[in-house]
Structure formats: C-alpha cells, structure tokens
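Numbering (the numbering used here), first residue to last: 10 to 199. Idealized CB from N, CA, C, for every residue including glycine. Written below as structure tokens is the structure these notes are about.
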Amino acid sequence: MTSPPTRPMSDGRDFIESSIMAVLPILTAPDPVLKSKSKPVATVDDRIRTLLADMLDTMYHAPGIGLAAPQIGVLERVIVMDIGRKEEDRAPIRMVNPEIVWASDEDNTYEEGCLSVPEHYSNVVRPASVKVRYLDETGAKQEILADGLLATVVQHEMDHLDGILFIDHLSSLKRNMILRKLLKARKESE
Numbered sequence: 010m011t012s013p014p015t016r017p018m019s020d021g022r023d024f025i026e027s028s029i030m031a032v033l034p035i036l037t038a039p040d041p042v043l044k045s046k047s048k049p050v051a052t053v054d055d056r057i058r059t060l061l062a063d064m065l066d067t068m069y070h071a072p073g074i075g076l077a078a079p080q081i082g083v084l085e086r087v088i089v090m091d092i093g094r095k096e097e098d099r100a101p102i103r104m105v106n107p108e109i110v111w112a113s114d115e116d117n118t119y120e121e122g123c124l125s126v127p128e129h130y131s132n133v134v135r136p137a138s139v140k141v142r143y144l145d146e147t148g149a150k151q152e153i154l155a156d157g158l159l160a161t162v163v164q165h166e167m168d169h170l171d172g173i174l175f176i177d178h179l180s181s182l183k184r185n186m187i188l189r190k191l192l193k194a195r196k197e198s199e
C-alpha cells in the first residue's frame, strides 16, 4: 500500500470540490503538510460543512476517534471527534476555529496514537481538563468543558492545527526512532 499523495493546498477548496468519495486519504508523517500551521476559517459555509462531514466519514472509516483537517491536506482550523466506542454510542463533535480558553493545572497521561503516525503509541502528558471555545457546523459560537479522554483528544487534534504531532511531545530519541520506522515502512511499500 502506498502512502497518500501530498498536495500543497492553501485552503483545501480545490480538494474538497473535486472529492467524489466522502472517505479521504490520510497523510502520514513525515509529510511536511502535517508540520504546517492552519489558517482560521472565515465563514462556516456549505464547503466547511462538507469538509466536516467528509472528515467524520474518514475518521470512522480509519477507524479513529479524532481527525484534524491538516491530516487530509487541508490547512484550515477544523477538527472532528467522537469518543463513542460503538456505532450506537456515536456523538460526533465538530469544531471550527477551536481555541483553548482554560486548562487545568492537573495533568493526565494517556497512551496516544494517531492516524497520521500509524501503528505507534506513546504516553503523552496533557492538562486533565480544558475549556474550548469554537464554532459549530452552523457557525454558532459554542463552549465545551472537556475532561478525561475527550480533553486528551481535543488537545491532540488541536495540536495538528499548529503543525504538532503527538510524537513532538516525546523525547527526540523516541521521536526520531518512530520517524525512521515510518520512513522505512513507506519506502518498503513503494
């Protein structure tokens, strides 16, 4: 299996408009797009709603519990999450321009993985609770107080918007070891 193609995209409009299927290719490290900072969304319109829907389809298909727009090559501040374990427990959260406005002093450690860093997991320490302000799929302002797994997932996905991968929270030795393994796997699959 080859890795998804890398395409430079300023706002993702050309990619979303040409997308036939709702399940989109997920970029994998060390793709340079994943290290890029995303731009805020000016208006929550039909294009953004299509992006959100396609991101959810892609996330569920992967399967994963969170996905950020940069992971599909779209450098906009958009994330989706759903920590429901079963299909009947699904409760998708769609966030546009999310911003952490408060973080607890208490930390939690979770073993994190990432669709863009396949088959690698490591413990990451993050604030145990965060308050996030964002726009929903209608463009309405929302605020959520997240704790536990949801707090970890929202921080992980928001990191992607700033070009940060969970492996960037690890020691350089461990991070470089993972990146070498990913490069080797990519070369072997080509």
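Element boundaries [beta strand (DSSP E), containing residue i]
| i | result |
| --- | --- |
| Ala194 | Not the beta strand (DSSP E): Ala194 falls in the alpha helix (DSSP H), residues 181–198. |
| Ala160 | No beta strand (DSSP E) contains Ala160, which is instead part of the alpha helix (DSSP H) from 157–170. |
Status (buried if at least 16 other CB within 10 Å, exposed otherwise) for residue i
| i | result |
| --- | --- |
| Tyr130 | exposed |
| Ala149 | exposed |
| Ala100 | exposed |
| His70 | exposed |
| Asp98 | exposed |
Where residue i falls: helix, strand or coil (DSSP)
| i | result |
| --- | --- |
| Thr118 | strand |
| Arg135 | strand |
| Lys44 | helix |
| Pro79 | helix |
| Asn94 | As written in the sequence, residue 94 is Arg, which differs from the Asn given in the question. DSSP places Arg94 in coil when its eight states are reduced to three. |
| Ala100 | coil |
| Ile176 | helix |
Whether residue i touches residue j by CB criterion (8 Å)
| i | j | result |
| --- | --- | --- |
| Leu174 | Ser138 | no |
| Gly82 | Val162 | no |
| Arg103 | Leu61 | yes |
| Gln80 | His169 | yes |
| Gly172 | Leu43 | yes |
Enclosing alpha helix (DSSP H) for residue i [first to last residue]
| i | result |
| --- | --- |
| Val32 | No alpha helix (DSSP H) holds Val32; DSSP gives it neither H nor E. |
| Ile57 | 55–70 |
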